[in-house]
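Asks:
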Amino acid sequence: MTALPQPPLVLSFEDARHIVEEHAARLRARSKELVDLLDCRGRILAENIAADRNFPPFRRAARDGYAVLAADLAQTPASLTVIGEIKAGAAPEEIPALQPGQAAAIMTGAPAPVGADAVVMVEYTSRKGDLVEITRGIDAGGNIVAVGAEAKRGARLLSPGMKLDYAAISVAASVGRVHLLVYAKPRVAVLATGDEIVDIDLSPGPNQIRNSNSYSLAAQVQAAGGEPVLLPVAPDEPNRLRELIADGLEMDLLLLAGGVSMGKYDLVEQVLAELQSEFFFTGAQIQPGKPVVFGRVPCGAGAPARDSSEKRVTDEFKYFFGLPGNPVSTMVTFELFARPVLEALAGSTPRKLVFLHAKLKSEVRTKLGLKRFLPAILSGEFEQAEVELARWQGSGDIAALALANCYIVIPPDRESIPAGEWVPVLMR
Ligand code: AMP
Ligand code: MG
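In short: position in the sequence shown from 1, add 13, done, that's this note's numbering.
Below, the structure is given as structure tokens:
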């Protein structure tokens, strides 16, 4: 029987996070698929997207106003003869060429006429019949966007590994892509453990607790770009637990919840150790979530071996996280540690975890020694972001977490933080 790491590998938050990031950086997505653009939000792009034409494709008026020759406005006010009107979508033959002393009314998005080198905003003009009087000179930039100024034909606009949000989808639409090649979603096994845990479609006995962790994890997996596969709840009994872990190792990633504390029936690590697991950490100096476990099982030992010409880390090992079973701990440790591995398996370019800052509304007191991620409520308006702790009863308090919208991050060396101080915040 393989033993657990002795002494337990309890790392600082930062060291634990860096280890996860190092492994994530070596992981790749399994395969690619073509998806309708309307279904691409949140998916990870698996191809380069290049400009299929110049952006803009013609010299585009950026304002409603009058197309003019800048030289005609060396002195203002100036009076010019209006020779026509150019709408967005105007065909080339509808567009008059401008001579000195002439102007053409033009709309935002219309092609600028030959000869014109600026558009004077309509607010700076007054029209009298065929004449327009211009009271102010040309704005910086001239309000005409040159052909290809935003992107030259062939330029790369989006790269593989980008998460497709509305702005990236706008780019794909603008180059005429009806479908995009994206990475397949990794399948993530979710295995809740505990003799007291019952499924949510059963009515719990007085000593039982409904399985919320499988569902919160499924939602987190989906949000991070994975496909959750819920396994039956494992009892605190090694044989059945071993079977379910083996099933979980068939997937791309295994998330366990519960059974990783120091209790006599916390068997998860022991069963994983029997499978020749490598443990990278078996705890982190954080609260909630201190007993969090990260490791991997070599394929062939517990995880099924894969036949593949192209060897990838995921073909040699299956990664797992043993997340503490307290529901808030489960959710927080997923975000802090499991998310980057899942994102990497989903094809995402790895990103660093960054905290924002907000002003603390009321004093916070904690104990020294652990980095804390405490459920909190961010409020305020515009530039006045304020944050305060959600009133919670500890790591089991799901209702408090549901009302919170972020976590205040408290360093291990702070016992109290006064109201008014800027504190780091992890958004949810
Ligand atoms: P454990 O990490 O197994 O020691 O569990 C810690 C606490 O979390 C216990 O109070 C469990 O009842 C609770 N818990 C464990 N798993 C779940 C779950 N799947 N859903 C809800 N609560 C759970
Ligand atoms: Mg348990």
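Beta carbons: idealized from backbone N, C-alpha and C, even for Gly.
Predicted, not measured: the structure shown is a model, and the values here were computed from it.
(1) Taking 7 Å as the cut-off, is the CB of T346 close to at least one heavy atom of the ligand MG?
(2) Report the three-state DSSP secondary structure of S139 (helix, strand or coil).
(3) Nearest CA to the CA of Y278: which residue from A116, L177, E209, G150?
(4) Residue range of the beta strand (DSSP E) that V33 falls in?
(5) I213: buried (16+ other C-beta within 10 angstroms of its C-beta) or exposed?
(6) Going along the chain, which residues of its own chain have a beta-carbon closer than 8 Å to the beta-carbon of V284, five neighbours each way excluded?
(7) Rank A247, R41, P18 by C-alpha distance to the C-alpha of P173 and give the top, closest one.
(8) Report the residue from V48, A91, A116, P199 whose alpha carbon sits nearest the alpha carbon of L177.
(9) By the DSSP assignment, the beta strand (DSSP E) with P388 in it spans what residues?
(10) Let me check one thing: in DSSP terms, what residues is I147 bridge-paired to?
(11) Quick one: grab the DSSP three-state call for D249.
(12) Tell me the rounded alpha-carbon separation between A125 and R72.
(13) When the Cα atoms are used, what is the spatial distance from L402 to I222?
(14) Unbroken alpha helix (DSSP H) runs of length 4 or more, entirely within the stretch 36 to 110: which are they?
(15) Closer than 7 Å by C-beta to Q6: which residues in its own chain qualify, once you throw out the five before and the five after it? Chain order, please.
(16) Is the number of C-beta pairs between the stretch 51 to 65 and the stretch 378 to 389 that are closer than 8 Å three or more?
(17) If you draw a straight line from the C-alpha of L336 to the C-alpha of L268, how long is it?
(18) Mapping the DSSP letters down to three states, classify F368 as helix, strand or coil.
(19) Between D212 and the ligand MG, is there a pair consisting of the residue's CB and a ligand heavy atom that are separated by less than 7 Å?
(20) Evaluate K191 with the Cβ neighbour count: other Cβ atoms within 10 Å of its Cβ, from every protein chain shown; 16 or more gives buried, anything less gives exposed.
(21) Just to confirm the assignment, what range does the beta strand (DSSP E) spanning V242 have?
(22) Would you give the residue range spanned by the beta strand (DSSP E) that R352 belongs to?
(23) With 16 as the cutoff for other CB atoms within 10 Å, does D7 come out buried or exposed?
(24) Given the structure, does V273 come close to the ligand AMP, in the sense that its CB is under 7 Å from one of the ligand's heavy atoms?
(25) What's the gap between the Cα of F292 and the Cα of F307?
(26) Can you pull the DSSP bridge partners for Q397?
(27) What first and last residue would you give for the beta strand (DSSP E) that runs through V422?
Replies: Looking at the atomic coordinates:
(1) No - the ligand MG has no heavy atom lying nearer than 7 Å to the Cβ of T346.
(2) Strand.
(3) Nearest to Y278 by alpha-carbon distance, out of A116, L177, E209, G150, is E209.
(4) It is not in any beta strand (DSSP E) - V33 instead sits in the alpha helix (DSSP H) that spans 26 to 38.
(5) Its Cβ having fewer than 16 others within 10 Å, I213 is exposed.
(6) Taking V284 as the centre and dropping the five residues before and after it, the same chain places the C-beta of P251, L254, R255, I258 closer than 8 Å to its C-beta, in chain order.
(7) Here the closest residue by C-alpha is R41.
(8) Of the listed residues, the one whose Cα sits closest to L177 is V48.
(9) Looking at the DSSP string, the run of the beta strand (DSSP E) that includes P388 is 384 to 394.
(10) Residue pairing of I147 in beta bridges, as defined by DSSP: A91, T138.
(11) In the structure shown, D249 sits in coil (DSSP, three-state: anything other than H, G, I, E or B).
(12) A125 and R72: Cα-Cα distance of roughly 6 Å.
(13) C-alpha separation (whole angstroms): 26 Å.
(14) Secondary structure in the stretch 36 to 110: no alpha helix (DSSP H) run of 4 residues or longer lies completely within the stretch.
(15) Beyond the ends of the chain as shown, which are 14 and 441, falls residue 6; an answer cannot be given.
(16) Verdict: no, contact absent.
(17) In this structure, the straight-line span from the alpha carbon of L336 to that of L268 is close to 7 Å.
(18) Reduced to three states, the DSSP call for F368 is coil.
(19) Outside the cutoff, so no.
(20) Just to set this straight, residue 191 is Val in the shown sequence, not Lys. Under a 10 Å Cβ-count criterion, V191 is classified as exposed, with fewer than 16 other Cβ atoms of the shown protein chains found around its own Cβ.
(21) For V242, the enclosing beta strand (DSSP E) begins and ends at 240 to 243.
(22) Run containing R352: none in the beta strand (DSSP E); it sits in the alpha helix (DSSP H), 352 to 358.
(23) Past the boundaries of the shown model lies residue 7; the chain is included only from 14 to 441, so the question cannot be answered.
(24) Distances between the C-beta of V273 and the heavy atoms of the ligand AMP include at least one below 7 Å.
(25) Roughly 6 Å between the two C-alpha positions.
(26) Beta-bridge analysis with DSSP links Q397 to E394.
(27) Segment 419 to 423, the beta strand (DSSP E) holding V422.
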